[in-house]
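For the sequence shown, the numbering used here assigns the number 16 to the initial residue and increments by one for each residue that follows.
Built from N, CA and C at the ideal position, the CB exists for glycine as well.
Working notes, beginning with the structure itself.
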Amino acid sequence: MPMPNVVSKAALDIRNLESIEELRQVPQVEKEVWAVDDRDTIPVLLLIAAKEAGSILLGAFDDRRLIGFSCGFPGLEHGELTIHSHMTAVLPAYRNFNLGYQLKLAQRERALALGIHKITWTFDPLQSRNAHFNFAKLGVVAEQYKVDFYGRESTSVLHQNGTDRLWVMWQLDSERVRQRLTSGAGSPHSSALNLFLVRCGERRQPVRAKIDCAACAREVGIQIPPDISSLSENDSALAWEWRLATRHAFQECLSRGFLVSDFLRAGSPD
């Protein structure tokens, strides 16, 4: 796809997806962002019904062209009414405009206006950029790890290393979330952590520690590769090692009562 002409941020608009013509553009964005074929996109007929049933469907527009979207539908978790944000995507050519963040803020605003105080979604914990976005910028937490949540069969090139996901919770009016949204602070540094259950070895391989080491710890870390997508393309076997090592660490920690609460950058804060 060609790069857009010079566009000012003021020319981009975020609003509710209303017309069938707007909803028909959603699968096109999905295919460009995730390289999926038609069978793995959201059916337009389902989007139409979801909109009428009260889902939060938001679009980012450059004039009348859809360049990003967020799709969230009502959920019921442990008796609490929530919004489950199934997808949020922005075309690659528009990712310097902070549209993903603006879409999430708009989603939060609409959920709170409906009296809903929690939004959930899933993401691949090996994707470092998404981890930073979710934990450091938005303030989510996670207490569930889903193995191959979307199954092993997927047409997306991004799903060749399995579809394990963290199920994250965004407590919309919590002090934690309000602080993250107002401070704009980046991720803290991992130098403050003393115990890593998975660490990157000299050959970029995952090195596991004994899970029992976490028994007396208040905080533990699980390292991930800086760019799992590139690693998957160049060394799929090594990428799979990382999947298995981190899967085991997350599952064991969560089963012991730990909560995934932050994403830390490697290195010294200096």
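Is the distance from the Cβ of residue i to the Cβ of residue j below 8 Å?
i	j	result
residue 29	residue 71	no
residue 208	residue 264	no
residue 61	residue 122	no
residue 118	residue 87	no
residue 104	residue 48	yes
residue 273	residue 222	no
residue 160	residue 178	no
residue 135	residue 92	yes
If we count the other Cβ atoms within 10 Å of its Cβ and call it buried at 16 or more, is residue i buried or exposed?
i	result
residue 41	buried
residue 190	exposed
residue 35	exposed
residue 259	exposed
residue 31	exposed
Mind reading off the beta-carbon distance from residue i to residue j? Whole number of angstroms is fine, and I expect it under 8 Å.
i	j	result
residue 268	residue 224	Not confirmed; about 12 Å, so no contact.
residue 180	residue 139	6 Å
residue 182	residue 153	That pair is no contact at about 15 Å.
residue 27	residue 114	7 Å
residue 151	residue 275	Incorrect: roughly 13 Å between the Cβ atoms, too far for contact.
residue 176	residue 254	5 Å
By the DSSP assignment, the beta strand (DSSP E) with residue i in it spans what residues?
i	result
residue 211	211-215
residue 81	80-92
residue 31	27-31
Taking the alpha carbon of residue i as the reference point, which residue from the options has its own alpha carbon closest?
i	options	result
residue 94	129, 133 and 66	133
residue 237	175, 141 and 145	141
residue 188	222, 128 and 210	128
residue 101	246, 231, 253 and 89	89
residue 45	69, 56 and 126	56
residue 53	246, 110, 39 and 66	39
By the DSSP assignment, the alpha helix (DSSP H) with residue i in it spans what residues?
i	result
residue 252	251-270
residue 116	114-128
residue 183	First-last for residue 183: 180-186, but that is the beta strand (DSSP E), not the alpha helix (DSSP H).
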